[in-house]
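Novice: Take this structure, written in structure tokens, and hold onto it; I'll ask about it next.
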Amino acid sequence: MPLILHGLTPIHWAVAGAGIAFITLALLFVANRRLGISTGLEDVCSFVLPVPYFARDAVRSARRWRLPFIAGLVAGGFISAAAGGGFAPTWDLGMFDQVIGFGPAGKLAWMFAGGLFIGFGTRLAGGCTSGHGIFGISNFELPSLMSTLSFMAAGIATTQLVYRVIF
Amino acid sequence: MAALYFAFGAIFGFILSRSGAADYNFIQSMFLFTSFQLYGIIGTAVVVTAPGIWLIKRYGRTALGRPIAIELKPRHRGNVAGGVLFGIGWSMCGMCPGPIFVNIGEGKIYAIAALAGALAGAGLFGAVYTRVQGVFRLPRLIVGTGDG
Numbered sequence: 000m001p002l003i004l005h006g007l008t009p010i011h012w013a014v015a016g017a018g019i020a021f022i023t024l025a026l027l028f029v030a031n032r033r034l035g036i037s038t039g040l041e042d043v044c045s046f047v048l049p050v051p052y053f054a055r056d057a058v059r060s061a062r063r064w065r066l067p068f069i070a071g072l073v074a075g076g077f078i079s080a081a082a083g084g085g086f087a088p089t090w091d092l093g094m095f096d097q098v099i100g101f102g103p104a105g106k107l108a109w110m111f112a113g114g115l116f117i118g119f120g121t122r123l124a125g126g127c128t129s130g131h132g133i134f135g136i137s138n139f140e141l142p143s144l145m146s147t148l149s150f151m152a153a154g155i156a157t158t159q160l161v162y163r164v165i166f
Numbered sequence: 000m001a002a003l004y005f006a007f008g009a010i011f012g013f014i015l016s017r018s019g020a021a022d023y024n025f026i027q028s029m030f031l032f033t034s035f036q037l038y039g040i041i042g043t044a045v046v047v048t049a050p051g052i053w054l055i056k057r058y059g060r061t062a063l064g065r066p067i068a069i070e071l072k073p074r075h076r077g078n079v080a081g082g083v084l085f086g087i088g089w090s091m092c093g094m095c096p097g098p099i100f101v102n103i104g105e106g107k108i109y110a111i112a113a114l115a116g117a118l119a120g121a122g123l124f125g126a127v128y129t130r131v132q133g134v135f136r137l138p139r140l141i142v143g144t145g146d147g
């Protein structure tokens, strides 16, 4: 199966997994940082929302590394597109277009709704695929295992419902 | 150090972009059990990271000689409830938080709406934290909920 991005062939899963592990371990060994991306959402919120939750030391002290890391993620995506066929803004959403077929406005509404679940859910869970799924499980943390099993199960149930029952 | 974090993020983002981890079709195929790719990626990442963390903790110091300090995530009822909510969102968007940023960089226009939703969702959680704290047995704010 090709990627949506320019129909490129994906790199092998073992290479990708090892690369992700390398960055995770480099962050810890070089910078004493625990990999975690969804907390970066708090960093952004902390600039505009004056509530105590976003004023925690844990948020403020981590802005210095997490914000540049997130900017790097955007740059990595841009470099990938530019080097793999050129940067060209697109609405292409693969099987969503073939099966569900919402136009741009419908896609924006769908994505915003999904984003609400991601933002609220990861903060309530205390982490996402990176902080719980990769770092937490690798460090044998029970809350991370519980959270990962929960979001994998809910993802499976939701996609099965959307693609095998509703549409 | 900011340049180093930026470089780590760029490499991480490039890998997510080119592996299928930031691809809507690959995420759905994982949840439909029609592709092994994402299970292979996450499984390999854990299998390599786990002994790596063990070795680094055993060594006890960073490359610069500082003591290794890993902040553990607190255990509470939100681990499962929040995980379920996040799983629904991951399926709907075909992106978890990292890939949202990667997709924006790739030029996927709809990913901006996913980011707006995620920021609104995180903001909403911050605003209602003290009200849902008892229900989910969340830690007191000075402790924080740790890294994500």
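Chains A and B, in that order, are what the protein sequence lines are.
In terms of numbering that gives the first Met the number 0, the first sequence opens at residue 0 and continues consecutively.
In terms of numbering that gives the first Met the number 0, the second sequence opens at residue 0 and continues consecutively.
Note that beta-carbon positions come from the ideal geometry of N, C-alpha and C, so glycine has one too.
How many Å lie between residue 6 of chain A and residue 85 of chain A at the Cα?
Specialist: Straight-line Cα distance between these residues: approximately 12 Å.
Novice: Rounded to whole angstroms, what's the CA-CA distance from residue 86 of chain B to residue 157 of chain A? Just pull it up for me.
Specialist: If you take the alpha carbons of residue 86 of chain B and residue 157 of chain A, they lie about 8 Å apart.
Novice: Under a CB-based cut-off of 8 Å, is residue 83 of chain B close to chain A?
Specialist: Closer than 8 Å: yes.
Novice: Does the beta-carbon of residue 163 of chain A have 16 or more other beta-carbons within 10 angstroms, so that it is buried, or is it exposed?
Specialist: Exposed: under 16 other Cβ atoms inside 10 Å.
Novice: Quick one: grab the DSSP three-state call for residue 66 of chain B.
Specialist: Three-state DSSP puts residue 66 of chain B in a strand.
Novice: Is there contact here, the region 54-66 of chain A with the region 27-46 of chain A, by at least three beta-carbon pairs under 8 Å?
Specialist: Short answer: they touch.
Novice: Do we get a CB-CB distance below 8 Å when we pair residue 134 of chain B with the residues of chain A?
Specialist: It does not; no Cβ of chain A falls within 8 Å.
Novice: Would you say residue 62 of chain A faces chain B, with C-beta separation under 8 Å as the test?
Specialist: Answer no: the Cβ-Cβ gap between residue 62 of chain A and chain B never drops below 8 Å.
Novice: Since residue 44 of chain A is in the alpha helix (DSSP H), which residue starts that stretch and which ends it?
Specialist: Unbroken alpha helix (DSSP H) run through residue 44 of chain A: 38-47.
Novice: Who are the near neighbours of residue 190 of chain A in its chain, counting only those whose CB is closer than 8 Å to its CB and skipping five residues on each side?
Specialist: Absent from the model: residue 190 of chain A. The displayed extent of chain A is 0 to 166, so no value can be given.
Novice: Could you check what DSSP says for residue 60 of chain B in three-state terms: helix, strand or coil?
Specialist: DSSP places residue 60 of chain B in strand when its eight states are reduced to three.
Novice: Report the residues of the region 51-70 of chain B with a CB closer than 8 Å to any CB of chain A, ordered along the chain.
Specialist: Correct list: 51, 52, 55, 61, 62, 63, 65, 67, 68, 69, 70.
Novice: At a Cβ threshold of 8 Å, is residue 74 of chain B touching chain A?
Specialist: For residue 74 of chain B, the answer is yes, since a Cβ of chain A falls inside 8 Å of its Cβ.
Novice: Contact defined as beta carbons within less than 8 Å: I believe residue 70 of chain A pairs with residue 8 of chain B. What is the distance between those atoms, to the nearest angstrom?
Specialist: That pair is a contact at about 7 Å.
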